[in-house]
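In this note's numbering, the protein residues as written are 4 to 149.
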Ligand code: DQA
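#1: Could you spell out the range, first to last residue, of the beta strand (DSSP E) harbouring residue 57?
#2: Look at the Cβ atom of residue 136, then the Cβ atom of residue 42, and state whether they are nearer than 7 Å.
#3: Could you give the DSSP three-state label for residue 51: helix, strand or coil?
#4: Using DSSP bridges, identify the partner residues of residue 37.
#5: Report the start-end ranges of each beta strand (DSSP E) in the segment 63–91 that is 3 residues or longer and not cut off at the edges.
#6: Of all the options 134, 35 and 101, which has the alpha carbon lying nearest to the alpha carbon of residue 81?
#7: Which residue's Cα is closest to the Cα of residue 79: 124, 24 and 52?
#8: Does the segment 102–109 touch the segment 16–33, meaning 3 or more C-beta pairs lie closer than 8 Å?
#9: Compare the C-alpha of residue 117 against each of 8, 60 and 85 and name the closest.
#10: Taking 7 Å as the limit between beta carbons, can you name the residues of its chain near residue 93, skipping five residues before and five after?
#11: Taking 6 Å as the cut-off, is the beta-carbon of residue 103 closer than that to any non-hydrogen atom of the ligand DQA?
#12: If you measure from the CB of residue 79, is any heavy atom of the ligand SAH nearer than 6 Å?
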């Protein structure tokens, strides 16, 4: 059976390709996702995006019960403001990678603080869409050699 990894995008990430392309690039999520699925035929990837914090929490809290082995999450601005997301992730009990397309440390100062970084396994920032690929690969490597 293939390992199942969830990929979650938070608020405002449904409009990639159209949203501030100078910062987030020209590629739509559909393009990024298709490429990601092609890159990892050995993994079952499941995608969820919402602009609503509660909907994200409702989805994420089911992941361990549904047998997911890892989570890749770009929380968008919730990284900087959501203690609820942090608590949800802390309780999850699977390996997690926090991804940000942009280099959050090179932007406004409020973006340098991520409330979820202390509770995830690791963080990849500033590599654009490649961050999702690096994150899935990191989770797979960890599965092989925890
Ligand atoms: C982001 C960075 C966040 O600060 C911002 O609020 C986003 C996107 C990124 O991928 O670079 O929505 O998570």
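Built from N, CA and C at the ideal position, the CB exists for glycine as well.
According to the structure data:
#1: Here residue 57 refers to the residue found at position 54 when the chain shown is read from its first residue. Going by DSSP, residue 57 is part of no beta strand (DSSP E) but of the alpha helix (DSSP H) stretching over 56–63.
#2: Residue 136 sits at position 133 when you count from the first residue of the chain shown. Residue 42 sits at position 39 when you count from the first residue of the chain shown. A contact, by the Cβ cut-off of 7 Å.
#3: Stepping through the chain shown from its first residue, residue 51 is reached at position 48. In this structure, residue 51 counts as strand in the three-state DSSP scheme.
#4: Taking the chain shown and counting its residues from 1, one reaches residue 37 at position 34. Residue 37 is not bridged to any residue.
#5: Runs of the beta strand (DSSP E) inside the segment 63–91: 73–77.
#6: What you label residue 81 is simply residue 78 of the chain shown in a count that begins at 1. Restricting attention to 134, 35 and 101, the CA atom closest to the CA of residue 81 is found in 101.
#7: On the chain shown, residue 79 is found 76 positions in, with the first residue counted as 1. When each option's Cα is compared against that of residue 79, the closest is 52.
#8: Verdict: yes, contact present.
#9: In the chain shown, residue 117 corresponds to position 114, counting from 1. Ranking 8, 60 and 85 by CA distance to the CA of residue 117 puts 85 first.
#10: For the purposes of this step, residue 93 is identified with residue 90 of the chain shown, where counting begins at 1. Same-chain partners within the cutoff: 122.
#11: For the purposes of this step, residue 103 is taken as the residue at position 100 of the chain shown. Remark: the C-beta of residue 103 is in contact range of the ligand DQA, defined as less than 6 Å to any heavy atom.
#12: This structure does not include the ligand SAH; its bound ligands are the ligand DQA.
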